[in-house]
Amino acid sequence: MRDAFAAELLKLAHEDHNIELLTGDLGFGVLRPFKTELPDQFHNVGIAEQLLIEMATGMALAGKKVVCYSIGNFPVFRCLEQIRNDAAYSGANVKIIAIGGGYTYGGLGMSHNATEDIAVLRPIPNIAIYTPCDKYEAVVVTDLMMTHEGTTYLRLERPDPATIHEGPVTNYVAGTPLLNFKGKKVAVLSYGGIALRAKEVAEKMGYAFYTFPMLKPLDEKAVIKELSQYEKLVVIEEHSKIGGLGSALEDIFVNEKKQPHIIKFGIPDEVAPVVGSQDYMRDYVGLSVMNILKQLKD
55 MRDAFAAELL KLAHEDHNIE LLTGDLGFGV LRPFKTELPD QFHNVGIAEQ
105 LLIEMATGMA LAGKKVVCYS IGNFPVFRCL EQIRNDAAYS GANVKIIAIG
155 GGYTYGGLGM SHNATEDIAV LRPIPNIAIY TPCDKYEAVV VTDLMMTHEG
205 TTYLRLERPD PATIHEGPVT NYVAGTPLLN FKGKKVAVLS YGGIALRAKE
255 VAEKMGYAFY TFPMLKPLDE KAVIKELSQY EKLVVIEEHS KIGGLGSALE
305 DIFVNEKKQP HIIKFGIPDE VAPVVGSQDY MRDYVGLSVM NILKQLKD
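Using the numbering used here, read the sequence shown as starting at 55 and increasing by one per residue.
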């Protein structure tokens, strides 16, 4: 999905020369075509994430659409104050791109794990959050993000996971659950690369399956209308159980008379004492297909 994003951004930047791409001294392989074809719209600010957001905010307030590209935790936790106080507070047209959601960079240890990013950004006003599950959703949300007026956060993974969708997504409405296939009584909900495992769970259990290409803002009326038909909602996310999609759905349904039972599979509220690949870390924290199926059957 990283490559799909980069290709779509390059296409849009050729059409709109107000689009500027800033990088924190990385991503040169995937960003090389952009730098080569549009050198005047490409800027490397160095390893200085706070400056990255501050510079982007200033450029955005001067009329630019500014894309900030970095990896893992760095474009969120290293510069959270600047995101909150500069970009979001100003309503600046700053687009924050994080390559490496969840345990994408698990082998580099806890410092590179983006496992609380959504929980940290969700409460901040004026931030839209996009969470595609594959390259097809990545193209859709890149287009949505670049037409959205204001600060946004796009969570991607590397390497690109296999696709959930068989072809381009043409029926997505921003802020709504995207139905992949139907089922009875129970629905599995997911986003990001872990959606591949979630899809397998849904298939084996005969449940409906939805992805969430966008996590904020959610269209609450559409979410309630679509998901209240189910007795249970199984949320599978490569993120802390606190503050992610599961928490967002609990907030939406808390005052509804008809409330589906929400079952959350995510990263537990504890420090993992191990380091390993993305698949290893997923399995370690209980996000293996086998473990989820066992818990659901029990």
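Every residue gets a Cβ at the ideal spot worked out from N, C-alpha and C, and that includes glycine.
Proximity of residue i and residue j at Cβ, strictly below 7 Å
i, j, result
"Gly-126", "Gly-83", "no"
"Val-120", "Arg-251", "no"
"Ile-160", "Gly-320", "According to the sequence displayed, residue 160 carries Gly and not Ile. It is not a contact, given that the beta carbons lie outside the stated cut-off."
"Gly-78", "Ser-124", "yes"
"Ala-141", "Thr-205", "yes"
"Glu-292", "Gly-246", "yes"
"Ile-101", "Pro-129", "no"
"Asp-197", "Met-55", "no"
"Leu-66", "Thr-185", "no"
"Tyr-338", "Val-325", "no"
"Gly-300", "Lys-318", "yes"
"Leu-243", "Tyr-207", "no"
"Ile-346", "Val-227", "no"
"Ile-73", "Ile-107", "no"
Bridge partner(s) assigned by DSSP for residue i
i, result
"Ala-380", "In the structure as shown, the chain begins at 55 and stops at 352. Residue 380 is therefore absent and cannot be evaluated."
"Phe-235", "Phe-263"
"Ile-73", "Lys-119"
"Asn-98", "Thr-77"
"Pro-268", "The sequence given here places Met at residue 268; Pro does not occur at that position. Paired residue(s): Tyr-184."
"Ser-294", "Ile-321"
"Gly-156", "Ala-168"
"Arg-209", "Ala-152"
"His-315", "Lys-286"
"Ser-342", "Note: Ser-342 sits in no beta bridge, so no partner."
"Ser-124", "Ala-152"
Supposed close pair residue i, residue j - CB separation, criterion 8 Å
i, j, result
"Lys-253", "Ile-218", "6 Å"
"Asp-171", "Arg-132", "The Cβ separation is near 12 Å, so there is no contact."
"Pro-267", "Val-195", "5 Å"
"Ile-290", "Leu-341", "7 Å"
"Leu-75", "Phe-59", "Between Phe-59 and Leu-75 the Cβ distance is about 11 Å, and since that is not below 8 Å, they are no contact."
"His-241", "Ala-262", "The identity of residue 241 in the sequence shown is Ala, whereas the question assumes His. Indeed, because the Cβ distance is near 4 Å, the residues count as touching under 8 Å."
"Val-99", "Met-109", "6 Å"
"Ala-152", "Thr-111", "Going by Cβ atoms, the distance from Ala-152 to Thr-111 rounds to 17 Å, so no, they are not a contact pair."
"Arg-212", "Thr-169", "That pair is no contact at about 16 Å."
"Gly-237", "Gly-260", "6 Å"
"Leu-281", "Leu-272", "Leu-281 to Leu-272, Cβ: 11 Å. No contact."
Outcome for residue i when other beta-carbon atoms lying within 10 angstroms are tallied against a minimum of 16
i, result
"His-315", "exposed"
"Gln-283", "exposed"
"Ala-216", "exposed"
"Thr-309", "It should be pointed out that residue 309 corresponds to Asn in this sequence rather than to Thr. Burial call: exposed."
"Gln-332", "buried"
"Glu-191", "buried"
"Thr-265", "buried"
"Gln-95", "buried"
"Met-164", "exposed"
**Q.** Three CB pairs or more closer than 8 Å across the segment 264-279 and the segment 219-236
**A.** yes
Q. Should the segment 304-312 be regarded as contacting the segment 162-182, the criterion being three or more beta carbon pairs within less than 8 Å?
A. no
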